[in-house]
Amino acid sequence: MKNQIPKSSSIGKNVIIEEGVRIGENVKIGDNTVVLKHTHVGDHVTIGCNCVLGIKPGGNKRMRNIQEKNESLIIQDYATIGNLVTIYSSTEIGKHVFIADHASIRENVQIEEGTVVGRGSIIELNTKIGKRCTIQTLAYITGDTVIEDDVFIGPCVSMSNDKYMGAKEYELKGPIIKEGAKIGNNATLLPGVMIGEKGIVGAGSVVTKDVRNNEVVVGVSAKKLQK
Amino acid sequence: MKNQIPKSSSIGKNVIIEEGVRIGENVKIGDNTVVLKHTHVGDHVTIGCNCVLGIKPGGNKRMRNIQEKNESLIIQDYATIGNLVTIYSSTEIGKHVFIADHASIRENVQIEEGTVVGRGSIIELNTKIGKRCTIQTLAYITGDTVIEDDVFIGPCVSMSNDKYMGAKEYELKGPIIKEGAKIGNNATLLPGVMIGEKGIVGAGSVVTKDVRNNEVVVGVSAKKLQK
Amino acid sequence: MKNQIPKSSSIGKNVIIEEGVRIGENVKIGDNTVVLKHTHVGDHVTIGCNCVLGIKPGGNKRMRNIQEKNESLIIQDYATIGNLVTIYSSTEIGKHVFIADHASIRENVQIEEGTVVGRGSIIELNTKIGKRCTIQTLAYITGDTVIEDDVFIGPCVSMSNDKYMGAKEYELKGPIIKEGAKIGNNATLLPGVMIGEKGIVGAGSVVTKDVRNNEVVVGVSAKKLQK
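Chains as they are written, first to last, in my numbering: chain A, 10 to 236; chain B, 10 to 236; chain C, 10 to 236.
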């Protein structure tokens, strides 16, 4: 497969590049990384060691079956992927995005320009994340979530998308987090809550209902902060 | 070692299979995976890339020394193991179990038929998990825990098994979670608490005492929900 | 590079050892591990499979630029590193330290003799951890944190170091956790809080202000426990 790789790009030892992969100019791929079928890697992309990129969704008979929109994982120019990262197919990683070590990103996810995804963070399927967001370490972004531009998600934030915890038929809904909102570390967001523009959720809070634009909420369950 | 592998099974590149490993029919193993001594892989099992399977317990002089019951890791038929997963020896993964990427499962663990273990979840030693459970993403199942059938553990749930946090001699006790119980995302369970059959713990709650059958508890510390 | 490795040490398959690496006597390195430039591995060190050690810091243009003090990762004698672990350069892992699987440790970190770092735990940059500490599974130690000797950090504990969540210029301050303090599982610590000597934080608590020596605090936000 070496013939697909431009001379300006450097590929580590024991790297596996499957068929249909495209590698741009000035790309660096670390040792032992696996790049699966039909992954497109843009120019000036850096990828660490021991990653697995372009994974096809699997599951057992109790898990929902996802129709993929697109077979390729697309990594845009100047993106950086750390070490021991997994990313699925049908996902797009925008320009200048930074994905830290041990992160995992599922299928049908879109992450826009300049966003940072922290170490050990997990982003589930069917999720859209805007520009210049910061998703900190070990944050959990559930499936079917919408995060607009310039959002800050603190470390260890937890979200869920299934109100009945598997007990009933229910259309899964993740949180909707509007432009410029900030979620403090280890906060808990319930399914489908909306956090308004520039809304702030205090560290360790449990958000059970919508937060208005510019509102600051804290506590369990989270209430408007009295000044 | 290639002579141990049936023709119906496909083994990726740079895979390491140590001595005494048994590989069943129609098995797929992804690239760069390491299968350590005495691991038994059943028929129709799928294993991802960059996993380490069959790890022997280690430790330093401050950690407890575990006597292993059985030297083998046993992976039953039709199980699916994701990418970058670690599983220890003396553990049994049941039929049709699904273990997602980045999960880690310690020694002396038993996981029964059809259970799903989420992405980045960690299951500590001496733990038993029943049939058709859902353990969601980044959940932490502490050591010495019992989870019965059809239990739902939400994302980022945290448990502990040491009441004195290392300060005194104490027999470690994890939670006991009875049939059909549901634990909301980012809930905290204290050592040895029992969650009764079909009991429900709200998201972000801190459970400090037992929950009765069919009871719904919420808050810090969690109390019976007033309707 | 095999000439740099003493005969008493054993190196697994597909291991990559870059230039300037020093390997001591009686070292074991598991399969598929990558040891990057200028890493120093002491005597009697055990390292698992699929690790990446000695990583140089990266980032995108929105992330802070760290000046490294020292180019080497130093792993002292008798340390044990699990599987799928990442450790950065300019960090020092002390004697008899145990780092469990899937853990990640950033640059400019010092971990002293006999400390245990749990499975999936993440330790951010510029952090100092004393002797004989226990950092349990999936705990998150933010950047610029000080942890003294004999501290216990429960599983899933979360910390943060940025009071304004990226909104203002601010000198980042992690928690300061004094000798013998204990933090319960899934507790949340805010930026710069000090936990006094032998202070105890209950499981699931949110600590918003300093805790005195020997004080026990619980709740959201955490208050002194009334006996």
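Every residue, glycine too, gets a C-beta built ideally from N, C-alpha and C. None of these values were measured; they are calculated from a predicted model.
Buried or exposed (CB count within 10 angstroms, at least 16 for buried), residue i
i      : result
A/S19  : exposed
C/A196 : buried
B/P15  : exposed
C/K187 : buried
B/G183 : buried
A/S17  : exposed
A/Q235 : exposed
B/Y179 : exposed
C/E157 : buried
C/A176 : exposed
Inter-residue Cα distance where the pair is residue i and residue j
i      : j      : result
A/R221 : C/G91  : 45 Å
B/G208 : B/G123 : 21 Å
A/K218 : A/I114 : 27 Å
A/E34  : A/I56  : 13 Å
B/I83  : A/N223 : 54 Å
C/A112 : A/G129 : 9 Å
A/V24  : A/T95  : 15 Å
C/C142 : B/M174 : 11 Å
A/K22  : B/C58  : 16 Å
A/N194 : B/H49  : 41 Å
A/P200 : B/H47  : 44 Å
B/S192 : C/Q13  : At residue 192 of chain B the sequence reads Ile, which differs from the Ser that was named. Roughly 52 Å between the two C-alpha positions.
A/L134 : C/Q145 : 29 Å
A/G139 : A/L181 : 21 Å
B/E101 : B/I120 : 6 Å
A/N69  : B/E206 : 25 Å
A/G189 : C/K172 : 16 Å
A/G228 : C/S230 : 8 Å
C/V166 : A/E28  : 43 Å
C/V118 : B/E80  : 36 Å
C/G51  : C/D153 : 27 Å
A/V30  : B/H53  : 28 Å
C/I132 : C/T151 : 6 Å
A/K233 : C/I204 : 28 Å
C/D110 : C/P164 : 15 Å
B/L93  : C/I26  : 21 Å
A/T89  : A/V202 : 31 Å
B/I38  : A/G211 : 44 Å
B/Y87  : C/L45  : 38 Å
A/V226 : B/G63  : 47 Å
C/I185 : C/V216 : 12 Å
B/Y65  : A/D159 : The residue you asked about is not Tyr; residue 65 of chain B is Lys in the sequence shown. Cα to Cα, the separation comes out at about 45 Å.
Residues that residue i contacts on chain A, provided the C-beta gap is smaller than 8 Å
i      : result
B/L147 : I131, L147, Y149, S167
C/G67  : T55, T89, G91, F107
Partner residues on chain B for residue i, Cβ-Cβ distance less than 7 Å
i      : result
C/P184 : The premise fails here: C/P184 is roughly 17 Å from chain B at the closest Cβ pair, so nothing lies under 7 Å.
C/D110 : T95, S113
As assigned by DSSP and simplified to three states, the class of residue i
i      : result
B/Q13  : helix
B/N101 : Per the sequence shown, the amino acid found at residue 101 of chain B is Glu instead of Asn. Looking at B/E101 - three-state DSSP - the assignment turns out to be strand.
C/S130 : coil
B/R31  : strand
A/Y149 : strand
C/S169 : coil
A/V94  : coil
B/M203 : strand
B/S214 : coil
B/L198 : strand
B/K182 : coil
B/N89  : It is worth fixing the name first, because residue 89 of chain B is Thr in this sequence and not Asn. In the structure shown, B/T89 sits in a strand (DSSP, three-state: E or B).
A/T143 : strand
Proximal residues of chain C, C-beta to C-beta of residue i below 8 Å
i     : result
A/T42 : Residues of chain C passing the Cβ test: none, with the nearest at roughly 10 Å.
A/N23 : N23, I25, N41
B/N59 : N41, N59, L93
Neighbouring residues, chain B, relative to residue i (Cβ below 8 Å)
i      : result
C/K191 : M174, G175, A176
Proximal chain C residues relative to residue i, where beta-carbon distance stays under 7 Å
i      : result
B/I64  : N92
A/T128 : Reading off the sequence, residue 128 of chain A comes out as Arg, not Thr. Result: S113, I131.
Contacts of residue i in chain A (Cβ-Cβ under 7 Å)
i      : result
C/L234 : Those within 7 Å of C/L234 in chain A number zero; the least Cβ separation is about 18 Å.
B/A212 : S169, T197, L199, V215
B/G228 : V229
Go through the region 38-87 of chain A residue by residue and report every complete run of the beta strand (DSSP E) that reaches 3 residues or more, in order.
-> 61-64
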